[in-house]
Amino acid sequence: MAERPASSARPVEFDLPVHGGFAPVGIGETFPDDTPDADELEIAGEPGQDPAAAFRRTLGMFATGVTVITTQDGEQVHGMTANAFMSVSLRPPLVVISVDRRAKMHALLHEGRRYGISVLADEQRSLSDRFAGRATEGTEEVGFDLVHDTPLVRGALAHLVAKVVRSNWGGDHSLFVGQVEYARYGEGRPLLFQGGRYRHLLERAPVFSSLPPEILAVITAEGVERTFEPGEFVVREGEPGDELFVIIEGEARVEREGNALSTFGEGEFFGEIAVIDGRPRSADVVAVSPLRALAISRDLVRSTVEREPRAAWAMLEVLAGRLRDD
Ligand SMILES: Cc1cc2nc3c(=O)[nH]c(=O)nc-3n(C[C@H](O)[C@H](O)[C@H](O)COP(=O)(O)O)c2cc1C
1 MAERPASSAR PVEFDLPVHG GFAPVGIGET FPDDTPDADE LEIAGEPGQD
51 PAAAFRRTLG MFATGVTVIT TQDGEQVHGM TANAFMSVSL RPPLVVISVD
101 RRAKMHALLH EGRRYGISVL ADEQRSLSDR FAGRATEGTE EVGFDLVHDT
151 PLVRGALAHL VAKVVRSNWG GDHSLFVGQV EYARYGEGRP LLFQGGRYRH
201 LLERAPVFSS LPPEILAVIT AEGVERTFEP GEFVVREGEP GDELFVIIEG
251 EARVEREGNA LSTFGEGEFF GEIAVIDGRP RSADVVAVSP LRALAISRDL
301 VRSTVEREPR AAWAMLEVLA GRLRDD
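So that you can map any letter, position 169 of the sequence shown is 169 in this note's numbering, and since no number is skipped, the others follow by simple counting.
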């Protein structure tokens, strides 16, 4: 039986010769001639449709996040928006990006070169446009942090630095497999891309905190103050979502299967959706520090909305705003 390489050993295929060096055309081990002809692609659906456009649309059905790939060439920082980013392996830690052979980024990447991946947050859409060479409204300055000699976009949801260990031919794109040297993640909502458009994740959409203050004051007026010790569960996954909480003092962490998802601080609300639809909690919330929170029951929210039609209308306005896709 073949001996299993030690986990630190390079996989054997890394020692295979790579034909064609790293020239833009035909990099990696497969040459363009070996690949199927574009005519062999069968496009189902409307007859007469442009096959290239239909193929693009088909691929575009797959929802992704959005990243900015960065690299430093001398003093010059270069960034490119990419959604063709994928995790490959945990041990060794590998990722891959697919870069258009016509992109400037393509000419900058080669074996041994590092690239940064910044996973964009929902509010960084203009950065995505900017690094895709699209016109943007503002001329907002982009901040970079240098990690392992690699620029990373400030404010991104997650960062990785990878060193190119292998590049492969990918038709009009090239695949750059990178060994990850640095990883960091934060909290927040990611920017999404699907069907050729940006999309937004609605998972933690605030409702009550977006209400006008005078309406919020009516809803919170009869709330009951509760205190929790550090480590104590405020709500547990699966329990009925019959209360909404506003933090008066301290911090609470949202956890799912032991993984921290986000943290709430003073003045922030949680349990907003469950208190309206009454469905079970989708995550645990645990007090991080001594916590004082105002608990508002589902019955109290309902009776307030029935008494104050303005509150109902304000909530509908907030929900309509969430569904707007811009
Ligand atoms: C959401 C989005 C995703 C993109 N994903 C990729 C990608 O994965 N690979 C790629 O080569 N280009 C991708 N592009 C296009 C490049 O960002 C664009 O061609 C850019 O101008 C190339 O920059 P450069 O030539 O300065 O390196 C994407 C653009 C957008 C808006």
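Glycine is no exception: its CB is placed at the ideal position from the N, C-alpha and C atoms.
- Short note on Asp100: C-beta closer than 6 Å to some heavy atom of ligand 1.
- With a minimum length of 4 residues, the unbroken runs of alpha helix (DSSP H) contained wholly in the stretch 259-287 fall at 274-277.
- For Gly171, the shortest separation between its Cβ and any heavy atom of ligand 1 does not lie below 6 Å.
- In this structure, the C-beta of Asn83 approaches ligand 1 to less than 6 Å from one of its heavy atoms.
- Residue pairing by DSSP places Asn168 opposite Leu175 in a beta bridge.
- Distance from the C-beta of Ala156 to the nearest heavy atom of ligand 1 is not below 6 Å.
- Annotation: Glu239 is outside any beta strand (DSSP E) and is labelled neither H nor E by DSSP.
- Excluding its 5 nearest sequence neighbours in each direction, Arg310 has C-beta neighbours in its own chain below 8 Å: Ile215, listed in chain order.
- Judged by DSSP secondary structure, Asp145 falls outside any alpha helix (DSSP H) and instead within the beta strand (DSSP E) spanning 144-147.
- Looking at the backbone, the Cα of Leu191 and that of Ala52 are separated by about 26 Å.
- A distance below 7 Å separates the beta carbons of Leu157 and Ala121.
- Secondary structure at Gly79: strand, using DSSP grouped into helix, strand and coil.
- Shortest gap from the CB of Phe193 to any heavy atom of ligand 1: under 6 Å.
- Between the alpha carbons of Glu266 and Val99 lies a gap of roughly 44 Å.
- Two segments are said to touch when three or more pairs of C-beta atoms, one from each, lie closer than 8 Å; by this definition the stretch 269-280 touches the stretch 296-306.
- Taking the Cα positions, Pro280 is about 10 Å away from Val235.
- Judged by the Cβ position, Ala103 qualifies as a neighbour of ligand 1 at the 6 Å threshold, a heavy atom of the ligand being closer than this.
- Arg189 is positioned such that its CB atom lies closer than 7 Å to that of Leu201.
- Annotation for Glu249: Glu266, Pro290, Leu291, Arg292 place their beta carbon closer than 8 Å to its own, counting only its chain and skipping 5 residues before and after.
- For Ile97, the pairing in a beta bridge is given by DSSP as Phe85, Phe176.
- Residues of the same chain with a CB within less than 8 Å of the CB of Leu41, apart from the 5 flanking positions on each side, are Pro51, Phe55 in chain order.
- Put simply, of Trp169, Tyr198, Phe131, Gly116 the residue whose alpha carbon is nearest the alpha carbon of His159 is Gly116.
- Note on Met61: under 16 other CB atoms within 10 angstroms of its CB, so exposed under the neighbour-count rule.
- Counting only residues of its own chain and dropping the five nearest sequence neighbours on each side, Ala314 has a CB closer than 7 Å to the CB of Leu211, Pro212, Ile215.
- Counting along the chain, Thr70 sits inside the beta strand (DSSP E) bounded by residues 67-73.
- A residue is called buried once 16 or more other Cβ atoms fall within 10 Å of its Cβ, and Leu152 is buried on that count.
- Counting the other CB atoms within 10 Å of its CB gives Val305 a total of 16 or more, which places it among the buried residues.
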